[in-house]
Each structure stands twice: as C-alpha cells, then as structure tokens.
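Have a look at the structure below, then the notes.
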Amino acid sequence: LIEIRLDAWKFLSKYKRPIPFKASDIGIWGDIISGISYFAVLTNAIVIAWTSEFIPKMAYRSLKSTGGSLDGYVNWTLSSFPVSAYNVSGVPPPNPPTNVQFCR
Numbered sequence: 025l026i027e028i029r030l031d032a033w034k035f036l037s038k039y040k041r042p043i044p045f046k047a048s049d050i051g052i053w054g055d056i057i058s059g060i061s062y063f064a065v066l067t068n069a070i071v072i073a074w075t076s077e078f079i080p081k082m083a084y085r086s087l088k089s090t091g092g093s094l095d096g097y098v099n100w101t102l103s104s105f106p107v108s109a110y111n112v113s114g115v116p117p118p119n120p121p122t123n124v125q126f127c128r
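Heads up, the sequence shown is in my numbering, so the first residue is 25 and it goes up one at a time.
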C-alpha cells in the first residue's frame, strides 16, 4: 500500500508534462488521411452504382432505347416464362407448347 502511495506521489510531483510546441502541420498523416478520403469516396461511389439500378438503366439507354428514354426498361430487365408450361406438380414439361401466354 505504501509503495502505491509513493508511486502516486512521484507521478504527481516529480514527473511533469512535456512542454507543447507549435507545429506547422500534422506531417505525413495529412497525406494518409487525404488518401483514405479519396479511397472512401471512390468505394462509396462503386457501392452505390453496384447496388442501385444506375448501371443497368444507363446500359438500356445507350444500347436498346430510342431517344434515351426508359420506355420498355421493365420488359427488358424481366425474363418471360410461359405460365401454361406449369403442370400440377409445378415442374415445367420438357417440350412446352408454342402458342402460350407469357408472364413477366
């Protein structure tokens, strides 16, 4: 117990905080933080583009659309399957008939 009290007294009376001095900047850490910030912005842009429909819409506008509109975009993104091809068991027959109605 006495040793703990003596150590506490030494920390309070003998050890002093270093004198602060003015620095012009934070050195290399500024470049590191700047690089991390640019990487974060790029990563966020990639995540937003990947998880949203931005890229598929731009592809439709440039490849399939006339005049840059999104008319027909939903039909372009969805696949069609003949509803009448389902039988009672839920498995489509191997050769579905050709005159069937499609559902998207």
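Cβ atoms here follow ideal geometry from the backbone N, Cα and C, with glycine treated the same way.
Model, not experiment: these values are computed from the prediction.
Three-state secondary structure (DSSP) at leucine 87?
Residue state, collapsed to three classes: helix.
When the Cα atoms are used, what is the spatial distance from serine 58 to isoleucine 70?
Looking at the two C-alpha atoms, the distance is approximately 19 Å.
Can you tell me whether tyrosine 84 is buried or exposed, with buried defined as 16 or more other CB within 10 angstroms of its CB?
Classification of tyrosine 84: buried, given that the 10 Å Cβ count is 16 or more.
Starting from threonine 45 and walking both ways along the alpha helix (DSSP H), at which residues does that stretch end?
Per the sequence shown, the amino acid found at residue 45 is phenylalanine instead of threonine. That residue, phenylalanine 45, is in no alpha helix (DSSP H); it is neither H nor E in DSSP.
How big is the Cα-Cα spacing for lysine 81 and valine 98?
In a straight line, the C-alpha of lysine 81 is about 10 Å away from that of valine 98.
So what's glycine 92 in DSSP terms, helix, strand or just coil?
DSSP places glycine 92 in coil when its eight states are reduced to three.
Which runs of the alpha helix (DSSP H), 4 residues or longer, sit entirely within the segment 56–87?
Counting only runs of 4 or more, we get 78–87.
Indicate whether lysine 88 and tryptophan 100 have their beta-carbon atoms separated by less than 8 Å.
Yes, they are a contact pair.
Between the C-alpha atoms of phenylalanine 9 and lysine 46, what's the straight-line distance to the nearest angstrom?
Past the edges of the chain, shown from 25 to 128, lies residue 9, and the structure says nothing about it.
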